[in-house]
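Below is one structure, written out as structure tokens; the observations come after it.
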Amino acid sequence: MAGIRALQKRLGKLEDAGKPRPSPFAVLFGSFDAWVEGEVLPGIESGALDANGMVAVVAALRAWETEGVWNAS
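Heads up: the sequence shown begins at 71 in the numbering used here, then just goes up one per residue.
Next comes the structure, spelled out in structure tokens:
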């Protein structure tokens with residue numbers, strides 16, 4: 071019986087390893103859009119962040135989010 075339990079445990083780990091991992095934005099803020107609305111836009115409006123620079127940063131990060139760069143190991 072212990073062999074079967076060990077095999078089930080290993081199989082569970084393999085199945086979990088095949089699942090896509092959430093991005094850091096999803097983990098910390100719930101979604102990428104929530105991060106933009108909650109952190110980036112207020113920063114731009116207050117002048118703490120440069121609007122032109124942040125547009126480029128957000129575009130690059132959104133592309134990484136869409137391509138699943140966070141899943142690369």
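The beta carbon of each residue, even a glycine, is placed where N, CA and C say it ideally should be.
> What residue does the alpha helix (DSSP H) around Val97 start on, and which one ends it?
Replying inline: Start and end: Pro94 to Phe99.
> Taking the alpha-carbon positions, what's the Ala76 to Leu98 distance?
Replying inline: 33 Å
> Given 8 Å as the limit, is there contact between the stretch 128-142 and the stretch 83-95, that is, 3 or more CB pairs closer than that?
Replying inline: yes
>> According to DSSP, is Ala118 part of a helix, a strand, or is it coil?
In response: coil
>> According to DSSP, is Gly138 part of a helix, a strand, or is it coil?
In response: coil
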